[in-house]
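Comments concern the structure below.
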Amino acid sequence: MHQTNLAKFVKNLLNPIHHARKTNINALSLSILYMLLGFFTSTTLSTIPGQTGDWGIIGAAIIVTFYERISQYTYPISFKTNLHQNAINRLNYIKIGILYGLFVDAFKLGS
18 MHQTNLAKFV KNLLNPIHHA RKTNINALSL SILYMLLGFF TSTTLSTIPG
68 QTGDWGIIGA AIIVTFYERI SQYTYPISFK TNLHQNAINR LNYIKIGILY
118 GLFVDAFKLG S
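Residue numbers for the sequence shown follow the numbering used here, beginning at 18 and rising by one.
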């Protein structure tokens with residue numbers, strides 16, 4: 018069956034996009050983007066509840082629970098291939114960004 022000119026055009030248009038999505042530099046840029054998202058989230062987590070002063074323990078419990086659940090899915094005891102591995106890796110990058118942001122906030126408070 019012959020392809021129409023429109024089908025060839027769309028195929029030629031989407032082929033470089035599909036190829037660019039699978040490159041390693043794209044994965045690196047997405048990981049940096051997710052770490053920056055985690056950094057922004059940590060700034061939000063440390064600023065907003067800190068204004069009232071009574072959310073410190075609850076906020077810390079939520080952050081520790083989030084960290085432990087993500088670590089449980091990222092580093093399982095038995096190695097399983099999972100279809101959702103990309104989403105888990107993205108959450109892990111966000112987790113790393115949150116940790117980095119909380120360290121930076123702690124150094125800002127210490128100086």
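We put the CB at the ideal spot given by N, CA and C, even for glycine.
Please tell me whether Gly76 and Lys112 are closer than 8 angstroms, where the distance is taken between their beta carbons. Your numbering for residue 76 matches position 59 in the sequence shown. Your numbering for residue 112 matches position 95 in the sequence shown. No. Outside cutoff.
Between Ile80 and Leu62, which are expected to be in contact by the criterion C-beta below 8 angstroms, what is the C-beta distance as a whole number of angstroms? Locating residue 80 in the sequence shown gives position 63, where the first residue counts as 1. Locating residue 62 in the sequence shown gives position 45, where the first residue counts as 1. Going by Cβ atoms, the distance from Ile80 to Leu62 rounds to 7 angstroms, so yes, they are a contact pair.
Under a Cβ-count criterion, where at least 16 other Cβ atoms within 10 Å of its own Cβ denotes burial, should Gly70 be classed as buried or exposed? For this step, residue 70 is matched to residue 53 along the sequence shown. Exposed is the label assigned to Gly70, since fewer than 16 other Cβ atoms lie within 10 Å of its Cβ.
Spatial distance of Thr82 from Leu31 (CA atoms): Here residue 82 refers to the residue found at position 65 when the sequence shown is read from its first residue. Here residue 31 refers to the residue found at position 14 when the sequence shown is read from its first residue. Distance between the alpha carbons of Thr82 and Leu31 is about 41 angstroms.
Identify, in the order they occur along the chain, each residue of the same chain with its Cβ nearer than 7 angstroms to the Cβ of Asn109, setting aside the five sequence neighbours on each side. Sequence index remark: in the sequence shown, residue 109 carries index 92 (1-based). Correct list, in chain order: Ile87, Thr91.
Three-state secondary structure assigned by DSSP to Gln89: The count along the sequence shown starts at 1 and reaches residue 89 at position 72. Helix, per DSSP.
Length of the line joining the Cα atoms of Gln102 and Pro93: Against the sequence shown, residue 102 aligns to sequence position 85. Against the sequence shown, residue 93 aligns to sequence position 76. Rounded to the nearest whole angstrom, the C-alpha separation of Gln102 and Pro93 is 12 angstroms.
Measure how close the beta-carbons of Ile115 and Ser59 come, nearest whole angstrom, since I'm counting them as under 8 angstroms. Mapped onto the sequence shown, residue 115 falls at position 98. Mapped onto the sequence shown, residue 59 falls at position 42. Sure, about 4 angstroms apart at Cβ, within 8 angstroms.
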